[in-house]
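A.B. asks:
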Amino acid sequence: MVRKIFVIFLLIFSAAVLYAADNPLWMRYSAISPDGKTIAFSYKGDIYCVDSEGGRAYPLTFHEAHDFMPVWSPDSKFIAFASFRHGNYDVYIVSAKGGVPKRLTTHSAGEFPSAFTPDGKYVVFSAHIMDDYKNVQFPSGGLPELYKVSVKGGRPVQILTTPALDVCFNKKGTKIVYHDIKGYEDNWRKHHTSSVTRDVWMYDLSAKKYTKLTSFNGEDRNPLFSPDDSKIYYLSEKFGTFNVCAFPVSNPDNVTQITFFKRNPVRFLSISNGGTLCFGYDGEIYTKKPGQKPAKVAIKIYSDVKENTVDYKVIRSGATDMAVSPDGKEVAFIVRGEVYVTSVDYSTTKQITNTPQQERSVSFSPDGRSLLYATERDGSWDVYKTSIVRDDEKHFYRSTLLKEEPVVATSKEEFQPAFSPDGKEVAYLEERTTLRVINLKTKKVRTVLPGNLNYSYSDGDQWYQWSPDGKWFLADYSPNMLFSSDIALVSADGKGEIRNMTNSGYSDNHSKWILKGKGMIWFSDKQGLRSHGSWGAQSDVYAMFFDKKAWDEFNLSKEDYENLKEQKKKDGKKDSDKSDKNGSKDKKKEKTEPVKIDFKNIEDRIKRLTINSSNLADAVLSPDGEKLYYLSKFEGGHDLWVRNIRENETKLLIKLHGRGGTLHMDKKGKTLFLFSGGKITKIEVGSNKRKPVSFAAELSLNNPAEKQYLFEHMWRQVVKKFYVKNLQNVDWDYYKKEYVKFLPYIDNNFDFAEMMSELLGELNASHTGCRYRPRVENGDRTASLGLFFDNKYNGNGLRVVEVIEKGPFDNAESKVNPGVI
């Protein structure tokens, strides 16, 4: 079924590409030349130009980097644009006839052009480089300054320290109009009336006077002077969706609607010297001549593609999930949404899945011959299993024949699966919060923990674990208050009482069985710092013991514990000798003891295992209960620590400077696997020797199919986790159809992220949007010196006006003081 759908998609996509030559879509950032003859625009990450009456467009740039935001010089001979050629957006200039672009800016902050000065000598751009030292606004990357740079290059000059975007000069060059930025909000959010909506302002460059021109409590942006400077044209949601509006400079309250488009927004307004307006609508380009109705510009594009439909890669880092096989000889992991298995001792790597969709939450069966994972196919998350077919093949990384089959595949969301200890059942989450179990033989499904006892904010934020005997579950749940979790103990048969094991009034989570089911460890923030606005809490690792014997043994002194171990060893030898006399020398498989829980005074059998509260990522207790390994963040990033509980000793094991991670220990407790920063490390517990678990994941990446999947994934995430039918009266099905048509015309992640932000912006909700932030190895990185410079100084070098306290130059040996050049 999946393969059939994929083939249909390829046929549709191929047809769309063939059709694209005569009817291209997702042409953005349109700008008409001052002489009105040519329109520049961005398409598939390049700058194109086309006759303003329509026809065949030709590429002005053709570079692997993303180029956009074209801006015309006053004489219509040059175009400035932003390009991501050095790991960030810089301003470039190129002849309108073509040629090699010239780089004008070099700071590693993003720099985005909006205009030329009327004399054509400078390009004006916005960037968050450094506020003026007198600026009282809070310094934020979302509040850029306004600069100009010579078309010949050189040092930029700050025009305004306050944010000013989409700048337009009057003919004399004495005034500018622009729209402001008051705070963070996604650029493409629509119809909101929040305190950060943009307004149109005028700034008198000589008098240094600001005048607010619009006061509509929604969005006003992209202002332009009319050719005679008597009017301001701009884009506004004052009359519904974004349309072109205008008002006289002498009477800003007298607003007139110029265009009357419905549902979809008008974007990227520009104007020629003759008064022809140019703008984008529904992925296409329109013009409106004075006294006429808007007309679509018929554009044809015939060009080569810059990327292969399918790319072949070998990935050696960046894993996002992992699991260790029962024998500890291989590791399963996820890279770029695909399941792989690699040898622990060699880099031999086997690809298990190969789909445009995402797989995640991988785990092994108890016998190591099957892999469980969740996959988002056929319009929902499902649970799948891949097994080794040939009996003589023991490991995935050397297997030759595999079989994939669905375990649970319904229209509901099912993910985060885990085999029962005997391998006969699989637990999973249904619709993100309901813990269910399926019997693999009978296919009967039962509910273990109802979904109304949990709330999922983001996928992967739920936690549960089978008991060693498969009769119980430990799980996070929230019976009393949202975002304040406790630990539930619940019978695996779905019957009986759901027992709250913590009930502390604090946040308790991430519970794990220890000592073969005789206790559990978990995280609790009851002795650490509290959260501030949902972040900043510090936790400890605690242990609870399910019977008094386990509790007593855990609290023995080192001497008493050594005596106990010696006695157990003697008793074990006696039992062995007795078996030998009876003729029973065959080794029997270790029998799993049933979990027995003594609830009487269980609250008195709790012990804090960590010596200080911190930001914890994961923790494991060795099988003998002697050592606690945990990932803790209180010296920069997360590092691996170990605590010898019996000897009351804590020490740093590995300095990682990491961001989170997970820990996995083999059954014998001899090997610890650390997963952090997309890399896997094997640690020998006895010697603390460590070596990386290397892998070479071969990936065939179908770029169009992946974008199609990501579109569907994000659209469905909204349906499943956010959308309700009466939400802002947004027809989410309609907008899916409206935006999916753009996919064949998008070949890069920058444009894809912007398109998805436009789609998500239809929801009119905060904290929405799509981002693409590539990491460029050799990208520019401008130093942050902790110095304010004199923006009025025009001589060689930079004149310091202030040394920021606690900055790099704020020290006793520094010779850098105000006035130094």
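Every letter in the sequence shown is one number past the one before it in our numbering, and letter 533, counting from 1, is 540. Glycine included, C-beta positions come from ideal geometry on N, C-alpha and C.
Compare the C-beta of Thr362 with all C-beta atoms of chain D and state if any pair is closer than 8 Å.
C.D. replies: The chain labelled as chain D is not found in the depicted structure, where only one protein chain is given.
A.B. asks: Quick check on this structure: which residue in Gln545, Gly160 and Tyr217 has the alpha carbon closest to the alpha carbon of His186?
C.D. replies: Looking at the Cα atoms, Tyr217 is the closest of the given residues.
A.B. asks: Tell me whether Arg110, by its Cβ, gets closer than 7 Å to a heavy atom of the ligand SAH.
C.D. replies: For the structure depicted, the ligand SAH is absent and the ligand set is empty, with no information on it obtainable.
A.B. asks: Which residues does DSSP list as the beta-bridge partners of Met488?
C.D. replies: Answer is Ser491.
A.B. asks: Could you pull out every residue in the same chain whose Cβ sits closer than 6 Å to the Cβ of Tyr210, ignoring the five residues on either side in sequence?
C.D. replies: The residues are Ile183 and Tyr217.
A.B. asks: For the beta strand (DSSP E) containing Gln472, name the first residue and the last one.
C.D. replies: Tyr471 to Trp473 is the extent of the beta strand (DSSP E) around Gln472.
A.B. asks: By Cβ distance, which residues of its chain are closer than 6 Å to Met34, with the 5 residues on each side in sequence left out?
C.D. replies: Phe48, Tyr50 and Ile292.
A.B. asks: I'd like to check one pair, Gln469 with Arg443: are the Cβ atoms closer than 8 Å?
C.D. replies: No, the pair does not count as a contact, with Cβ atoms beyond the cut-off.
A.B. asks: Residue range of the beta strand (DSSP E) that Gly644 falls in?
C.D. replies: Counting along the chain, the beta strand (DSSP E) containing Gly644 begins and ends at Gly644 to Asn651.
A.B. asks: Using only the alpha-carbon positions, how far apart do Gly325 and Val783 sit?
C.D. replies: Whole-angstrom Cα-Cα distance: 15 Å.
A.B. asks: How about Ser514 and Ser492: do their beta carbons lie closer than 8 Å?
C.D. replies: Cβ atoms of Ser514 and Ser492: closer than 8 Å.
A.B. asks: Which partner residues does Asp515 have in the DSSP bridge list?
C.D. replies: Paired residue(s): Ser531.
A.B. asks: Between the alpha carbons of Ala305 and Asn710, how many angstroms are there, rounded?
C.D. replies: If you take the alpha carbons of Ala305 and Asn710, they lie about 28 Å apart.
A.B. asks: Hey, which unbroken runs of the beta strand (DSSP E) at 3 residues or more fall wholly within the stretch 789-816?
C.D. replies: Taking only runs of at least 3 residues, the beta strand (DSSP E) segments lying wholly in the stretch 789-816 are 794-796 and 807-810.
A.B. asks: Based on Cα-Cα distance, which residue from Ser707, Leu805 and Ile828 lies nearest to Gly344?
C.D. replies: The option with the nearest alpha carbon to Gly344 is Ser707.
A.B. asks: Using DSSP bridges, identify the partner residues of Trp851.
C.D. replies: The requested residue 851 does not occur in the structure, where the chain is confined to residues 8 to 828.
A.B. asks: Among residues of its own chain, excluding the 5 on either side of Glu633, which ones have a beta-carbon nearer than 8 Å to its beta-carbon?
C.D. replies: If we look at Glu633 and ignore the five residues flanking it on each side, its Cβ neighbours are Asn651, Ile652 and Arg653.
A.B. asks: Going by other Cβ atoms of all chains shown within 10 Å of its Cβ, with 16 needed for buried, is Phe490 buried or exposed?
C.D. replies: Per the 10 Å Cβ criterion, exposed.
A.B. asks: Quick check: Gly52 and His73, are their CB atoms within less than 8 Å of each other?
C.D. replies: Against a cut-off of 8 Å, the Cβ pair of His73 and Gly52 comes out as a contact.
A.B. asks: May I have the straight-line CA-CA distance separating Thr509 from Lys519, to the nearest angstrom?
C.D. replies: If you take the alpha carbons of Thr509 and Lys519, they lie about 13 Å apart.
A.B. asks: Examine the Cβ distances between the stretch 30-44 and the stretch 722-738 and report whether three or more of them are shorter than 8 Å.
C.D. replies: They do not touch, by the three-pair rule.
A.B. asks: With a threshold of 16 other CB atoms inside 10 Å of the CB of Ile618, please say whether the residue is buried or exposed.
C.D. replies: Ile618 should be labelled exposed.
A.B. asks: How would you call Tyr435, buried or exposed, if buried means at least 16 neighbouring beta carbons within 10 angstroms?
C.D. replies: Tyr435 comes out buried.
A.B. asks: Go to Pro711, then tell me how far its alpha helix (DSSP H) extends in each direction, as first and last residue.
C.D. replies: Taken as a continuous stretch (DSSP letters only), the alpha helix (DSSP H) holding Pro711 covers Asn710 to Lys728.
A.B. asks: Taking only three categories from DSSP, how would you classify Leu172?
C.D. replies: Reduced to three states, the DSSP call for Leu172 is strand.
A.B. asks: Spell out a yes or no on whether the stretch 806-816 and the stretch 789-796 are touching, meaning 3 or more CB-CB pairs, one atom from each, closer than 8 Å.
C.D. replies: Segments in contact, yes.
A.B. asks: Is the number of C-beta pairs between the stretch 667-683 and the stretch 620-635 that are closer than 8 Å three or more?
C.D. replies: The stretch 667-683 vs the stretch 620-635: in contact.
A.B. asks: Going by C-alpha distance, which of Val130, Glu713, Val158 and Pro301 is nearest Asp318?
C.D. replies: Among Val130, Glu713, Val158 and Pro301, the Cα nearest to that of Asp318 belongs to Glu713.
A.B. asks: Is the stretch 764-776 close to the stretch 193-202, with three or more CB pairs under 8 Å?
C.D. replies: The stretch 764-776 vs the stretch 193-202: in contact.
A.B. asks: Counting only the same chain and skipping the five closest in sequence on each side, list residues whose C-beta sits under 6 Å from that of Arg228.
C.D. replies: Correct list, in chain order: His186, Arg205 and Leu242.
A.B. asks: Once you ignore the five residues that flank Gly94 on each side, which residues in its own chain have a CB closer than 6 Å to its CB?
C.D. replies: Closer than 6 Å at the Cβ level, and outside the excluded window around Gly94, lie Val783, Gly786 and Asp787.
A.B. asks: In terms of residues, what are the limits of the beta strand (DSSP E) holding Leu663?
C.D. replies: Leu663 -> beta strand (DSSP E) spans Glu656 to Gly665.
A.B. asks: Exposed or buried, Pro499, counting other C-beta atoms within 10 Å across all chains shown (16 or more means buried)?
C.D. replies: As written in the sequence, residue 499 is Ala, which differs from the Pro given in the question. Ala499 should be labelled buried.
A.B. asks: List the whole-angstrom C-beta distance separating Phe88 from Phe75, where the pair is believed to meet the contact cut-off of C-beta under 8 Å.
C.D. replies: Phe88 to Phe75, Cβ: 7 Å. Contact.
A.B. asks: Using a 10 Å radius around the Cβ and a threshold of 16 neighbouring Cβ atoms, would you call Phe119 buried or exposed?
C.D. replies: Flag for Phe119 reads buried.
A.B. asks: Compute the Euclidean distance between the alpha carbons of Lys553 and Tyr484, then round it to the nearest angstrom.
C.D. replies: Note on residue identity: the sequence assigns Phe, not Lys, to residue 553. Taking the straight line joining both Cα atoms gives about 20 Å.
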